[in-house]
Amino acid sequence: MTLSLHAPSRRELIAASGILFAWPFLPRVARAEGRDPRLMVVVLRGALDGLALAAPVGDPGWIKLRGDKALTLEGKTPGLPLDGFFALNPAMPNLHRLYKAGHALVVHATCTPYRDRSHFDGQDVLESGFAKPAMAASGWLNRAFGTIEPEARIDRKGALGVGPVVPLVVRGPSPVLSWTPQRVAPASEDTLMRLIDLYQHSDPALARVLQGRLGLMHMASAGNMDALTPAQREQVAGVAAVRAYFAEAAGTAAKFMARAEGPRVGALSFNGWDTHIDEGAIDGRLGNLLGALDGALAAIETGMGPAWSETVVALVTEFGRTARINGDNGTDHGSGTVALLAGGAIKGGRVIADWPGLKEGDLFEKRDLKATTDLRGVLKGVLKDHLRIEDKALASAIFPDSGAAAPMAGLLG
Amino acid sequence: MSTSTDPKFQAALALHRFGLGPKPGSIAAIASDPRGALLAELDRPGVALVSDGSLMTAAKSSMTAFMFRQERMAERIAKEAKQAEQAAMTPNMANAPAPVQAASNDKLVPVKPDPKAASTADTKVDKQPPEPNVQQRIFRNEARAHFISANRADIGFVERLVWFWSNHLCVSADVVPYMAGGYEREAIRPHVLGRFADMLDASASHPAMLIYLDNFRSIGPKSIAGLIGKVGLNENFAREVLELHTLGVRSGYTQDDIIAFAKVLTGWTVLPAATNPEHGSEFVFNPRLHEPGPQTIMGKVYNEVGVNQGRAVLADLARHSATATHLAHKLARHFVADEPPPALTERLTQRFRDTDGDLKELAKTLVASPELWDAPMTKMKRPNEWLTAMRRAMPDLGREIPGRPSNVVQGLQARARLGEPLWRPPQPEGFQDVQGPWVDGLAQRLDIAEIVATRVEASVDPKDLLETTLGPLALPDTRRAVARADSRQQAIALALMAPEFHRR
């Protein structure tokens, strides 16, 4: 006799990354107007380097800040021109295409009101919608659900469940269901790297063990999967796996939201943007991640199908990174960064920025891109024009103390 | 990692090295006198025992499981008989003239709960694990009691001793699934702060051990059963008692000693379940199986009769000087380092001899030994220690989540995944107690750390976690890595994977 002991599945390892958390109702008002809007919020955890995603190539201070790590319109891998001043990371051709088609825009030099550079607190502010960290156990998107008048409850058959861990942005009094992608999330190479770094100083014996696992991962990403045992393959994940996971998670979530009986408002998150060491904005780690994100956007567009024309995808991160490259060819925690809005409902093809400049004196505390646009205003603009949420609710229940950050007008076309 | 004389450091060290890891507030609670707190735990009445009165004895558990299987088998036989009958009747029916009237009242309609009718919930998502049967419940209840004892203990020094001795005199649930938990409660716990001789005796006369190491069917060649042709002598138990439980390998005994000891132990058996509804699966000395006459073991002649012959040998083995050395080394290796300081082993050996194997005195000697407070923290925690330290540090992990496997099941799964399934050592020498076999499981520990971090990220602050469980033991590098993590989840995973959390 043996008890049946199943090992925890890789599924259980992925945290909430890539899981769609959705409000299980259809919004009544928008439907009464004859619209059927979709809103997908994508939280990029770890603080995305906005300057690496959309580089201010027209700013004379840019090259000075980043030197040979600066993305420009020249060189071996030139950026993709956006509006003459900004260039898009070349890893994101799909976003570029959507931008050109008027289906995507970039908000630059934006951030929540949080300025203290802690991931936890920064994500807390980003997701809670409060002006300061640790003030709420619920998220702004959940409280937004609470103000939308529900119509029919959506059909949850076969797909939506209650997730093991609900991210703060959708946590709260309104019911939330989740959908988990079939594909298995890649192992967290970033955590592994950090542990190896930690062990190397204090416990080399432990470092050697994890280096072995990392070695397997690299074998796999070099295409030598066949040389690995099934157990080894389980442990590894290369760039291709990350790309595939992002695309599957986002694309299938979109397909799900596109269905007539599917949810209309949801959120998911992708982790891994904390690029302290060897950022590799153009052809390294961040470039790969941006490429994966670009693939996810394309998958969302495809997955939404005809519903794409009524879709807004909002991609947000807790804050930006230092304007300069640090001693490890990476960037540290900063302030101003980008937010992306994509979807057929967006009036795209533009970069919205009250550009603060990159001179020493222009930088926040002489190190970060200054945030000149309150991210809450952007999100409020989307909620107002897309889901018809009223100003009063936006300024009180959903984003408390955000009176100064008025809903940004004209984001939707 | 070297140690320090700072009281808080010593408190945290004590909780990891002697205990099962700090709970919130533990470090501060014992910082004024870590040694005193350890000694106080040893003195607490009944500290080693399990208080759960609902647990059955090992023998009773085994009987209950046996009856369950009997019933199930009877049901299956009845069902098969019925099917066979129906199958046999079908062709006859086909050939027979059609019945005038269908006899509707002899048709048996099984009343089965309809799973679809029972729940309108989305079964694909809210799938509940099947209700455990009585056999699974026995094991899980024992596992739960074992886990609760570990989670509840203030420091966990005594639980660590329970684990140590339970592993030293191990049985395996692969062989005795319904007895393994009861064995620990009945043979190990009552004696971890008593005399080794009593523990050895309790272990050797426990049905779980006698079944695990085959002695229950060992028959003396000249015993009554042996003379009527039933065979044979089984040396397994005698050999393991000498090699693993007492003297240690290559400590001077010979194959002849093993055979003689095996003969001494014939008759130490278990009442068959099938014929003893009241006392089945209990230990019994059966004189019909026992080899009569004196036996000579390591030069000493044992003239005792019956069960007392075995008890006399066990008593001598328990106080043998080789046993003292063997156990002292294992104990020192377990609590300090894979290569323990010889002075510590020597001191424990001497104490064992001086006190006639008083295990509480050995525990006190550990507390009083400077090596336990000075030695660098190199000893790698085994998976069950690491998992327990994690659970103790984060009480929120004890919360049951509806629709997910229970904590007991998850605890069992995690131990199995990390290579240390509860009460299932790979061989009679128990789980290895040096780093070698465990260090490669580090990658699996990372998997678990990430699962756990995901589960608690909403309720656990990584910095608090670091203070709770490591406090002054946390290295600056670890603090930095945790502070710089890119998410709360990653920060928690890093804290749980810190080298100083793996080692003690």
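In order, the protein sequences belong to chains A and B.
Add 99 to the 1-based position in the first sequence for the working numbering, that's all there is to it.
Add 443 to the 1-based position in the second sequence for the working numbering, that's all there is to it.
Glycine included, every Cβ here is placed at the ideal spot set by N, Cα and C.
Fair warning: this is a prediction, and the values are worked out from it, not measured in the lab.
Annotated three-state conformation of A:W372 is coil, per DSSP. Counting C-beta atoms within 10 angstroms of its own C-beta, B:E943 has 16 or more neighbours from the protein chains shown and is therefore classed as buried. Chain-ordered, the chain B residues with CB closer than 7 Å to the CB of A:D373 read D929.
Taking a contact to require three or more Cβ pairs closer than 8 Å, the stretch 119-130 of chain A and the stretch 420-435 of chain A do not qualify as touching. If you draw a 10 Å sphere on the C-beta of B:S504, you find 16 or more other C-beta atoms in it, and that means buried. In this structure, B:V851 places its C-beta atom within 9 Å of the C-beta atom of B:A586. Excluding the 5 residues flanking it on each side, B:A508 has same chain C-beta neighbours closer than 8 Å at V577, Q578, I581, P620, Y621, in chain order. Between B:A896 and B:L939 the beta-carbon gap is near 7 Å, inside 8 Å, which marks them as a contact. Counting the other Cβ atoms within 10 Å of the Cβ of A:D289 gives 16 or more, which makes it buried. Per DSSP, B:F795 lies in no beta strand (DSSP E); the unbroken alpha helix (DSSP H) holding it starts and ends at 785-797.
Exclusion of the five residues before and after B:P915 leaves D449, K451, F452, A455 as the residues of its chain whose Cβ lies within less than 7 Å of its Cβ.
Contact between the stretch 772-780 of chain B and the stretch 799-818 of chain B is present: three or more C-beta pairs spanning the two stretches fall below 8 Å.
Comparing alpha-carbon positions, the option among A:M507, A:F244, A:A508, A:I497 lying closest to A:G228 turns out to be A:I497. Here B:V744 has P737, Q738 as same chain residues with Cβ atoms under 8 Å from its own Cβ, once five neighbours each way along the sequence are excluded. Interface annotation for the stretch 288-305 of chain A against chain B: D289, T290, L291, R293, L294, D296, L297, Y298, H300, S301, D302, A304, L305, criterion Cβ-Cβ distance under 8 Å. Short of 7 Å from the beta carbon of B:L687, and not among the five residues preceding or following it, lie these beta carbons of its own chain, in chain order: P871, E872. Counting the other Cβ atoms within 10 Å of the Cβ of A:T410 gives 16 or more, which makes it buried. Per DSSP, B:Q738 is one residue of the beta strand (DSSP E) stretching across 738-740.
Look at A:H207 here: in three-state DSSP terms it is strand.
B:M516 has its alpha-carbon roughly 22 Å from the corresponding atom of B:A616.
Note on geometry: alpha-carbon atoms of B:R860 and B:P730 lie some 44 Å from one another.
Residues of chain A whose Cβ lies closer than 7 Å to the Cβ of B:T921 are, in chain order, L297. A:A366 and A:L138 have their alpha carbons spaced roughly 8 Å apart. For B:E863, no beta strand (DSSP E) run applies, since DSSP gives it neither H nor E. Residue state for A:G460 is assigned as helix, using DSSP reduced to three classes. For the C-beta of B:M510, not a single chain A residue is nearer than 7 Å; the gap to the nearest is close to 15 Å.
A straight-line Cα-Cα distance of about 19 Å links A:S273 and A:P136. Straight across, the Cα-Cα distance linking B:G884 with B:H945 is about 11 Å.
Annotation for A:R475: no beta strand (DSSP E) segment contains it, though the alpha helix (DSSP H) segment containing it runs 474-486. The residue among A:G448, A:W239, A:D373 with its C-alpha nearest the C-alpha of A:P180 is A:G448. Shown here, A:S217 sits in coil according to DSSP, grouped into three states, outside any helix or strand. By the Cβ criterion, the stretch 448-467 of chain A is not in contact with the stretch 230-238 of chain A, since fewer than three pairs of Cβ atoms, one from each stretch, lie closer than 8 Å. Annotation: the continuous beta strand (DSSP E) that includes A:F120 extends over 119-122. Per the coordinates, the alpha-carbon of B:D486 lies some 43 Å from the alpha-carbon of B:A928. Note that the stretch 387-401 of chain A does not touch the stretch 461-476 of chain A; fewer than 3 beta-carbon pairs, one per stretch, sit closer than 8 Å. Taking a cut-off of 8 Å for Cβ pairs, the stretch 877-893 of chain B and the stretch 906-914 of chain B do not touch, as fewer than three such pairs fall below it.
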